[in-house]
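Below is one structure, written out as structure tokens; comments come after it.
Protein chains in written order, with this note's numbering: chain A, -1 to 340; chain B, -1 to 340; chain C, -1 to 340; chain D, -1 to 340.
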């Protein structure tokens, strides 16, 4: 396993991390989930990501159970969770009033409830799962600093914030001598590049911002498994999972965007073949090549997928400038940023 | 004339202001320029915008001469200039080493030379004409604060900066208890809306950012004068002006973008006709309806144009929500921003 | 016993303190260790120094047991420990990923685990056992301030940091209105003087830096017991201890540096004889004469050694300027620092 | 000419700059000095360094006269001077009481007198020519900020300060939201490397410290002109100049250090021969290869020397990693700094 610093912090995270989302506590049963966690830990993954709303809190419960079951120690782990959505999801849509957003109340209550589900005294990283434009940024920055100062988290970050919102959080943190967000969690993959490569481009150097990125395989599209299919394969999540995200996503199957993306995937095949690797491994390796990425979050639904994904670290070592250039030519979606000193 | 606050400052500027760019000291001769200045002043325009590099310093000289010639008092005027480019333009391309950019040296030396050309002890607003990514933002913010503290400017602003760069300037200003940028000068018109309506959308409330916008007629395209023309009209700037900007722009005549824009202009004609106004007036009035706009900079090349442009203030009063909705439908380039409190 | 302020703090520490390192929990058995602790306490030593990695955590356990066994109260003691190395040593080399260094995570987790081993609610002083050049100084300063603010330590210090790193920690502490490092723990003895007498010379006055110094006898060399020996004496640590530090050190026996040092020790004998004291006492007394030294850490392996070492306090009273001058002439390794006011 | 940023500032300085020291206003007559200035300016050198005490103020007078004589504009120049020593030198040894050091009084009075001699309203950079350990660092930092805030200098720096003193100046600057020193001026050449390569190694990244380095040829020794000489060549400064520095230096001719250095110079000859360049050019090119060096200050005593020195920029382009490695092997005085993130 390769370990990277989380942005400009002293914390080291495995370059590949295991995310929960709709998987654990969700469409994968718990025994199966424990096997996956075990496989990940044994492969050197020390970084496990979850959120209060993933499977309406069940993802945190399963993760906490795994830690206890295997006797893992918290000083050997990096655990992150996220507050914003409460328990809101299809199974439990009630999310009344103050159980959502980034009021001081929900920031603190939300993490307290997460820690209870995880059965842990603290997490390493707590994220603001979305921006909250109805709460002043000062209240938000103070809220996350409260969590850090009360020992319930070591670092805080953001997820799906805009560059200017991150800069504004740093403004308030600097003005008040508080701790700013160390990390942002956006989507990043071969098909979705604008935020990471363009919008955020000034932030890495200025604020030492690290990235933990999700959907490196764009919900499976970059594995190529949907190419040439007239409907979702019978064993795919799109065909089987019943959560609202999967159902909504399954409805995009075959639409215009979908077709365009499959065409791009088709064009990546020769590059994968030249390297002698699967499309999934190429896609993960490509994300790992971006030095602003601290960790790539995978969402394995079997121990075998963990193995295959971790193998992408070796693929990344083989990916050279020529391959990257070829990929940019084929996809035509890269960003050329002029050099700068600051 | 209508006067608006410059963003969240106490300064009041005429909603229509007179810009120099390549006009005065450039393709319009000085006597003619004086007539235009006089007409503008008499129409209630108190806000005159220029920059160190406009016509390589000559724009500032002409403006300074007009002020003296007509005996205008500085307390009745709002004068803005900009530093960054030195004297660099087609007539005087030499701009060696430190005569460009936003080093403390050029910020200070640049404005000192501008004031000499204007023959004024101070300006009201000094802009950073572009971002300088080779100079630390702290040096830049300190440089403009020096100008303010030494009495050479009352406010400072930016021109063509990104939202995140403006936010970062505010971070440093707030951290150091210095004055942040009060105003940004971007392009804004019916055809170019993304920056003002989307990228900057959080900045108005957060930092009290005002806007002084240029090219409200998109260099004449929105007057409709190029529609149905196989070449630039003989008396148009595109046909006559020899400065590098005009020459470069004339080469885009008739290209794909040009054609697409003329088609949009065509679609605006019915709205103008319904209101019984010229396309130019509709275009100016539409910009004036945006409450984040502190002032619209016009670049009249005759006294008559001043009159026609100022009349847009009356047109703006007639423009209602239905018109604006119609325009958005016709152009299809508007931004729907979700409501927020902060 | 003599008590000195720890640098510019209000805390008073015995001028002679008892360190653990590889001794307790290590090559000295526990019952023996308890006798030594008892003797030290009865001699007026109130200051006991340890670290998370000393004998892989066992040093802290023994110290905690002694406190409990003898019913000592924490308000009568000054306890210091150190974080950085985790449990890493020859007995337990595994120290994976985040269990080392000065990330916020390890600073907090490390001290929490130390307190558990000591079975104490807090220590008086927590040290950063080394600089961590992979973690921003702001994260480090904030981490130690967190420990102080959460009541787990009263003061923080550094060990084997460079002068410029200590100054930089003070820069961040002053900028953020946080608490800077009160004390540094370097090696200091008649043979190793550069750091304390030269590199650190500006820090004492500027930051009120105190020193707790280790190896006052340079691991026994300054006792003279190795002079005239062709191999380590049978009862010496070099001959008996099996920990990695002792083994590595035993390999330097007789090498060039070793010989050079023995020659210097030889030259000190006349001074010791003149004072009628042992070489060890002269060496300790000489360290005690340095007014920047808050406490000299001894590593006694018998109660008798405690007595002998504590007697050095009386020797220090006899050591006058002439003796010190003589020693400087004999050793030729002193530093003459020009007088200054600040 | 190559231009580099002065450390992390926005100011651009020629990589080779012309220093005054004992040359102009000293052992080179003024007409000759004007020829050298002219040659330097025409070669693209924009950066001229002087100090209040160089030739007891005469160096500044000559430089000011040259600027006037050739009609150079200050926005095309970078002028630096230094305060600390007053006018103290062999010709005018009286320097009573407050005309030396870094009291607020001398910082301000000193630069005012320098500006009078230079007949300029401001300089670009003002240096503290030495540390002043009898004046609190806060008074010093505030003094230099006063100069910047009153428009008499754009940046301030230090000369021959220690790393910890520079760090301490930054501490006070950060605490008080003032401007810290942007640049240090030490000696740096093939024979004197410790400060630049070891002591200062953490400062470049932390504070954005730039370096303007003097004596790149170590007062001529690195030209090889003293090799094989039993006495200083008749036309050398050592033989002719009467100022106190030259006289003192001439007395070291042939001593032990001198001989050791000549031997090292001898060993560099094969490297110079392989590149087909003079030893002087090799020495200058080697300094230019250090990316922490913003500018190398030369002290040409003829226009031809300017040409020869400026040609070193081309030599630097040819110097590759193999050459640098070879030089390190031959000299054995390099520093290997472990990699770090901060």
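C-beta atoms are modelled at their ideal positions from N, C-alpha and C, and glycine is treated no differently.
Where residue i and residue j are concerned, what is the direct C-alpha to C-alpha distance, given to the nearest angstrom?
i, j, result
"residue 111 (chain C)", "residue 116 (chain A)", "21 Å"
"residue 305 (chain A)", "residue 276 (chain A)", "13 Å"
"residue 127 (chain D)", "residue 251 (chain C)", "48 Å"
"residue 230 (chain D)", "residue 249 (chain D)", "10 Å"
"residue 88 (chain B)", "residue 54 (chain B)", "With a pLDDT of 49 at residue 88 (chain B), under the threshold of 50, the modelled position of this residue cannot be trusted; read the value that follows with caution. Cα-Cα distance, rounded: 8 Å."
"residue 238 (chain D)", "residue 256 (chain D)", "19 Å"
"residue 1 (chain C)", "residue 141 (chain C)", "29 Å"
"residue 236 (chain D)", "residue 301 (chain D)", "20 Å"
"residue 23 (chain D)", "residue 60 (chain D)", "6 Å"
"residue 324 (chain A)", "residue 269 (chain A)", "8 Å"
"residue 297 (chain C)", "residue 200 (chain D)", "34 Å"
"residue 320 (chain D)", "residue 319 (chain A)", "25 Å"
"residue 240 (chain C)", "residue 62 (chain C)", "24 Å"
"residue 290 (chain C)", "residue 5 (chain C)", "7 Å"
Going by C-alpha distance, which of the options is nearest residue i?
i, options, result
"residue 135 (chain D)", "D:34, D:237, D:171 and D:47", "D:171"
"residue 11 (chain D)", "D:303, D:295, D:331 and D:317", "D:295"
"residue 153 (chain A)", "C:123, C:106, C:54 and C:66", "C:106"
"residue 207 (chain C)", "C:179, C:220 and C:216", "C:179"
"residue 39 (chain D)", "D:169, D:65 and D:197", "D:65"
"residue 121 (chain C)", "C:316, C:76, C:99 and C:163", "C:76"
"residue 299 (chain B)", "B:336, B:243, B:317 and B:218", "B:218"
Starting from residue i, follow the beta strand (DSSP E) in both directions and report where the run begins and ends.
i, result
"residue 174 (chain B)", "Segment: none, residue 174 (chain B) is in no beta strand (DSSP E) and carries neither H nor E."
"residue 209 (chain B)", "208 to 211"
Under 9 Å, do residue i and residue j count as touching if we go by C-beta distance?
i, j, result
"residue 210 (chain B)", "residue 185 (chain B)", "no"
"residue 279 (chain B)", "residue 309 (chain B)", "yes"
"residue 384 (chain A)", "residue 26 (chain A)", "Only positions -1 to 340 of chain A appear in the structure, and residue 384 (chain A) is not among them; the question remains open."
"residue 96 (chain C)", "residue 44 (chain A)", "yes"
"residue 8 (chain D)", "residue 48 (chain D)", "no"
"residue 150 (chain D)", "residue 181 (chain D)", "no"
"residue 189 (chain D)", "residue 331 (chain D)", "yes"
"residue 79 (chain B)", "residue 50 (chain B)", "yes"
"residue 119 (chain C)", "residue 72 (chain C)", "yes"
"residue 234 (chain C)", "residue 223 (chain C)", "yes"
Per the DSSP calculation, residue i is bridged to which residue(s)?
i, result
"residue 79 (chain A)", "A:124"
"residue 26 (chain D)", "D:22"
"residue 151 (chain D)", "D:121"
"residue 3 (chain C)", "C:10"
"residue 15 (chain D)", "D:295"
"residue 47 (chain D)", "D:17 and D:78"
"residue 156 (chain D)", "D:126 and D:182"
"residue 110 (chain D)", "The partner list for residue 110 (chain D) (beta bridge, DSSP) is empty, contrary to what the question assumes."
Which residue comes first and which comes last in the alpha helix (DSSP H) that contains residue i?
i, result
"residue 308 (chain B)", "301 to 308"
"residue 238 (chain B)", "235 to 238"
"residue 183 (chain C)", "From DSSP, residue 183 (chain C) is part of no alpha helix (DSSP H) but of the beta strand (DSSP E) over 181 to 183."
"residue 326 (chain C)", "319 to 329"
"residue 248 (chain C)", "242 to 248"
"residue 85 (chain C)", "Per DSSP, residue 85 (chain C) belongs to no alpha helix (DSSP H) and is neither H nor E."
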